[in-house]
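In our numbering, the protein residues as written are 2 to 284.
Cβ coordinates follow ideal geometry from the N, Cα and C atoms, glycine included.
Below: the structure, in structure tokens.
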Ligand SMILES: C[S@@+](CC[C@H](N)C(=O)[O-])C[C@H]1O[C@@H](n2cnc3c(N)ncnc32)[C@H](O)[C@@H]1O
């Protein structure tokens, strides 16, 4: 069978179930199972699938058809050109969070920032991407989930990241130091809306990484309040937000002596990252 035929028949199975990412998914599955590169898809080679490969392909396709994301099937996800293991204890890293990383890196470079705090590290993708792409920086990452901390630690080590400290804690309450920059992608879904989330999210991402309380803003209240004492004067706090939360989150940070300096939109033109600077208190 030609590679293009395997790809076509796999894609058609996904199309029949209205899976929007049928092309990408089919290609990713075949690449993974047959250990092929993107280049291999340019030349249409003949492939003879072994029984084992055929069975594996059918199994993966049916798992995907049941709504399981590919990252959960294969247990890994690419983020900022790095590979991260994921499991039931951590959020599946989202492409939108790369915007948070890019903006943090801009600020780190322009202002020569050195010390970073991430609140809610999950798989460790954000802290790893920042440390991997900045020079002379060091970071502390916090999570309330012990399994998330273990996953993040293993991911940072596998990606050969140094200069980090991962701490089990309730946001920054356990810290007695200050940072140049704080980043966070906290849980921000309204508790009552979780049941309406897509199956691939509500059935697979841990509740603790999604649930932002009654109005979705609970974590921002704690983070803004703690940031006020965890950040140096003129330091920056960057938070990822839900598409309709900019106004609410801005008010919370303003009440904690922060000024909004930038509101960044994502690829769908929705508000995604807010950047705050801590106001210098006049003496
Ligand atoms: C939306 S996930 C983000 C994970 C990761 N930073 C990412 O972007 O993929 C939020 C993370 O915050 C953690 N978290 C929830 N409540 C927390 C708390 N009170 N203190 C510290 N971390 C918390 C969750 O365990 C989860 O890993």
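Just confirm the distance between the C-beta atoms of residue i and residue j, as a whole number of angstroms; I'd bet it's less than 8 Å.
i           : j           : result
residue 101 : residue 127 : 6 Å
residue 170 : residue 152 : Between residue 152 and residue 170 the Cβ distance is about 16 Å, and since that is not below 8 Å, they are no contact.
residue 286 : residue 104 : The requested residue 286 is not part of the displayed model; the chain covers only 2 to 284.
residue 274 : residue 241 : 6 Å
Are the CB atoms of residue i and residue j nearer to each other than 8 Å?
i           : j           : result
residue 281 : residue 235 : yes
residue 259 : residue 279 : yes
residue 93  : residue 205 : yes
residue 35  : residue 13  : no
residue 71  : residue 30  : yes
residue 140 : residue 160 : no
residue 48  : residue 61  : no
residue 91  : residue 137 : no
residue 188 : residue 221 : no
Say yes only if the C-beta of residue i is nearer than 7 Å to one or more non-hydrogen atoms of ligand 1, and no if none qualify.
i           : result
residue 105 : no
residue 187 : yes
residue 170 : yes
residue 146 : yes
residue 155 : no
residue 190 : no
residue 102 : no
residue 209 : yes
residue 149 : yes
residue 121 : yes
residue 3   : no
Stretch pair the region 176 to 185 + the region 115 to 122: three plus CB contacts closer than 8 Å
The region 176 to 185, when compared against the region 115 to 122, does touch it at the 8 Å Cβ threshold.
Do three or more CB pairs link the region 81 to 93 to the region 153 to 160 at distances below 8 Å?
The region 81 to 93 vs the region 153 to 160: in contact.
Are three or more beta carbon pairs between the region 14 to 23 and the region 64 to 80 nearer than 8 Å?
Touching, per the Cβ criterion.
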